[in-house]
Amino acid sequence: MSLVKQLWIAIIGLMILVFFTSFFISTYSAKSYYIEQLNLKNSDNANSLALMLSQMEKDEVMVELLIAAQFDTGNYKRIELLDPNGDERLSKTHEVEISAQVPQWFKALIPLKVGKGIAQVQDGWQQYGTLIVESDDRFAYESLWKTMLQFLMWFFVAALILGAIGTWVLRILTSPLEDVVKQAEAIGGRRFITSEEPKTLEFNRLVRAMNTLSARVRTMLENESRRLEEMRYRNQHDALTGFANREFFVSKLESVLANEDKNARNAMIFLRVANLVKINQSLGHEKTDALLKGVAEKIIQTIRQHDKEFDDSTFGRLSGTDFAIMLSNIQEMDALAKALEVFMATYANTYKDQVELQLPMAASSFKANDSRQNIFQKMDALLVKAENEQQTLLVMEDKGAVQDGLKNSQQWRELLEKALDASSVVAQLFPVVDIKNRPLHHEAMMRLKVEENTITAGEFLPWARRFDMLPQLDMALTGYLLDQMKNGAIRHSVAVNLAIETLKDLDVRDQLIEAIKNSGVADRLWLELPERAVMEDIGHFVEFCELVKPLGCKVGLDKAGSGFANISRLQEVGLDYIKIDSALIHNISKQDQETKSFVRGACTLGHSIGLQLIAEGIQDFQEINELETLGMDGATGPGVQLRN
């Protein structure tokens, strides 16, 4: 029961107690007063009338007229004249009926026992008779009843006023309690937030203690996440440039090749620092390291300028001299490759007075059905060809092949607009299971149905990103899935991968939230975003979580693994799950101990804040046993098959 209700009950109980106490005191005081006044009235009227009768002639008619006149002019219940023997000589009575407004129980509760007025009537020196007078007491009852009703009304009004004032005061005094409750619920949900300390002493001590608890747990999470991030970074990255080392780059490539979307277009670019040994001898170790860092920075700068051309990028340092760039779901790379060639030539020119810096490059496209060995052999051959030119030059195989040979930019725009207008956005579902192979949900992959042909996401998403149409596509896909779930075509839970651009487009975001709110199936909807995109724009993600979590949706991160340094902030929004990047999970049974330790630590950290950990890109379901020992809760990928 709430404090406000308890306050009202206390006030009502107190007012009832005060009312009955005051009622009995005031009513019985008034009762005594009325009895006293009626007794005096009876006695005075009896004596006055007896005196008049004693002084007049004792004519029967005159006596009767005087008594009748007295009876009619006053409020009497009875006036009776008895002879000396006690026999009735004359009697005037009035049957008193108390007003119907006065209930009988009230008259029985407060009986008015009024004494009779008795006086002797003389006839000279002889006694003529005895006069008895009783006044009408109904007016006293009616007055007492009206007084009680007024009393009750004023007490009722006073109770309402006091209750309202008490509620207002209580809300002011207990307003910090709402923050305390929210904080307690957050801690119960393993979200360790802090609250502003209230001025009320008792609440201040409570909030301070809970803030201390939250701060300690948050510090523990931050330290653990920082330790994991340092472990991951050392294990996966080149110490000098920050690029992925060869092992991790190969794992990323393997995860891309394991993509279920075989039509997705990807690109690979190799760059070699020729004559690195001579350069090191000429410049020295420190300046050579600075040169290599400069190469890495120029690569990142160039690729970031064209980030709308692809979904994801991975930078690797394969050896002391070789750098690699992998671009996933790229639409075309002509402009990007040309820009990289110009940037590298300009950078090499800055060293012309010190050393002969040559940066040969090679570029080619590949798809998920290619093999790693073939890709590397092809890239090595192209790189040797570029190196033979003895200058900073980029050699590209099948230039333009990454771009669809059948559709130019305008055709893709028209196709996407037509698909949105015709509601041609559909989904292909892939199972996500727990560690016991029981279904958790199905992951929805976007597809376009155009003229009875199905276009996979890898083909059209790069163009949609270029045309800023990702929010509309996400809205269309979510609407399609909600309709399918409402009409029973989809009976299980479904996960939708949203783009960060959808969260930034406030109009589309609000439409999306409204559709989820009105669907009636929000508790079966799982919403996830790529970890890299979230880390670049945490603000929009946090705001989105605060809007959709109350609707019952589950919210998670996709392709996670590199953002554990920020997990302490993300846990405040109540994340439900994260899907670990397939690059970390690929062939997990054959991975080194450092990678396994990182995955195990990530699972431990995730479980400590109530997250489900799901492994992506499982190629062989036999790996599920290894994942279970590491602490994973579920898995998805080509190797996952639901039991019948």
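To get this note's numbering, take the position in the sequence shown, counting from 1, and add 12.
From the three backbone atoms N, C-alpha and C, an ideal C-beta is built for every residue, glycine too.
Predicted, not measured: the structure shown is a model, and the values here were computed from it.
Distance, residue j Cα to residue i Cα
i: Gly417; j: Trp475; result: Because the pLDDT at Gly417 is just 46, under 50, the model does not fix this residue reliably, and the value given afterwards should be weighed accordingly. Their Cα atoms are separated by approximately 14 angstroms.
i: Ile675; j: Lys571; result: There is simply no residue 675 to check, as the chain begins at 13 and stops at 656 in what is shown.
i: Asp324; j: Ala545; result: 10 angstroms
i: Thr468; j: Asp273; result: 7 angstroms
i: Ala595; j: Glu209; result: 44 angstroms
i: Lys411; j: Asn530; result: Any reading at Lys411 must be qualified, since the residue scores a pLDDT of 46, below 50, and its modelled position is unreliable; the value itself is stated next. Approximately 49 angstroms between the Cα atoms of the pair.
i: Arg239; j: Leu559; result: 32 angstroms
i: Cys565; j: Phe442; result: 19 angstroms
i: Ala360; j: Thr404; result: 8 angstroms
i: Asp71; j: Ser147; result: 26 angstroms
i: Gln624; j: Phe378; result: 34 angstroms
i: Gln18; j: Asp588; result: 36 angstroms
i: Thr358; j: Lys561; result: 50 angstroms
i: Gly25; j: Ala221; result: 36 angstroms
i: Leu29; j: Cys557; result: 51 angstroms
i: Leu52; j: Tyr40; result: 18 angstroms
i: Ser103; j: Ala42; result: 31 angstroms
i: Gly649; j: Val444; result: 8 angstroms
i: Ala647; j: Ile626; result: 5 angstroms
i: Met457; j: Val437; result: 10 angstroms
i: Leu189; j: Thr212; result: 10 angstroms
i: Met12; j: Ala398; result: Residue coverage of the chain in this structure runs from 13 to 656, which leaves residue 12 outside it and unanswerable.
i: Ser187; j: Ser207; result: 12 angstroms
i: Ala434; j: Glu309; result: 44 angstroms
i: Arg284; j: Leu371; result: 6 angstroms
i: Ile597; j: Lys305; result: 29 angstroms
i: Leu218; j: Val585; result: 23 angstroms
i: Leu65; j: Gln139; result: 12 angstroms
i: Thr490; j: Glu635; result: 32 angstroms
i: Asp382; j: Leu269; result: 7 angstroms
i: Leu460; j: Leu452; result: 26 angstroms
Residue i vs residue j beta-carbon contact at 7 angstroms
i: Phe282; j: Leu395; result: yes
i: Val126; j: Tyr153; result: no
i: Gly141; j: Leu172; result: no
i: Val367; j: Ile291; result: yes
i: Ser267; j: Gly568; result: no
i: Arg329; j: Phe335; result: yes
i: Ile592; j: Gly573; result: yes
i: Gly178; j: Ile23; result: yes
i: Ala375; j: Met408; result: yes
Residue span of the beta strand (DSSP E) that contains residue i, given as start and end
i: Met457; result: 451 to 462
i: Val145; result: 138 to 147
i: Ala375; result: 373 to 378
i: Gln496; result: Element bounds for Gln496: not the beta strand (DSSP E) but the alpha helix (DSSP H), 482 to 498.
i: Ile467; result: 465 to 468
i: Gln114; result: What sits at residue 114 in the sequence shown is Val, not Gln. Per DSSP, Val114 belongs to no beta strand (DSSP E) and is neither H nor E.
i: Gln624; result: 624 to 627
i: Gly646; result: 646 to 648
i: Asp323; result: No beta strand (DSSP E) contains Asp323, which DSSP labels as neither H nor E.
Residue interval of the alpha helix (DSSP H) (run including residue i)
i: Ser609; result: 605 to 620
i: Lys529; result: 518 to 531
i: Arg536; result: From DSSP, Arg536 is part of no alpha helix (DSSP H); its letter is neither H nor E.
i: Glu368; result: Glu368 -> no alpha helix (DSSP H), and no H or E assigned at all.
i: Ser103; result: Taken as a continuous stretch (DSSP letters only), Ser103 belongs to no alpha helix (DSSP H), being part of the beta strand (DSSP E) at 100 to 105.
i: Met356; result: 346 to 361
i: Lys390; result: 384 to 399
i: Ile597; result: 594 to 597
i: Ile311; result: 297 to 316
i: Asp433; result: 421 to 433
Per DSSP, the bridge partner or partners of residue i
i: Gly328; result: Ala256, Ala336
i: Gly568; result: Glu540, Tyr589
i: Tyr245; result: Its beta-bridge partners do not exist; DSSP assigns none.
i: Gln132; result: Thr142
i: Tyr88; result: Ser147
i: Phe442; result: Glu455
Interface flag, residue i vs chain C, CB-CB below 7 angstroms
i: Gln248; result: Chain labels in this structure do not include chain C; a single protein chain is all it has.
Cβ-heavy atom distance, residue i to the ligand GDP, below 6 angstroms
i: Tyr88; result: Ligands are entirely absent from the displayed structure, and the ligand GDP is therefore not among its contents.
For the structure I just gave you, are there three or more beta carbon pairs, one from the region 160 to 180 and one from the region 55 to 63, closer than 8 angstroms?
Contact between the region 160 to 180 and the region 55 to 63 is absent, because fewer than three Cβ pairs lie under 8 angstroms.
The region 73 to 92 in contact with the region 111 to 120 per 3-pair CB rule at 8 angstroms:
Contact annotation: the region 73 to 92 does not touch the region 111 to 120, with fewer than three C-beta pairs closer than 8 angstroms.
With a threshold of 8 angstroms, are at least 3 pairs of Cβ atoms found where one atom belongs to the region 286 to 302 and the other to the region 312 to 331?
Using a C-beta cut-off of 8 angstroms, the region 286 to 302 makes no contact with the region 312 to 331, since fewer than three inter-stretch Cβ pairs fall below that distance.
Should the region 628 to 646 be regarded as contacting the region 607 to 614, the criterion being three or more beta carbon pairs within less than 8 angstroms?
Yes: at least three Cβ pairs fall under 8 angstroms.
Under 8 angstroms, with one C-beta from each stretch per pair, do the region 505 to 514 and the region 537 to 556 reach the 3-pair mark?
Touching, yes.
Please determine if the region 329 to 341 and the region 264 to 278 are in contact, where contact requires at least 3 C-beta pairs separated by less than 8 angstroms.
They touch, by the three-pair rule.
How about the region 509 to 523 and the region 483 to 499: do they share at least three Cβ pairs that are nearer than 8 angstroms?
Contact between the region 509 to 523 and the region 483 to 499 is present: three or more C-beta pairs spanning the two stretches fall below 8 angstroms.
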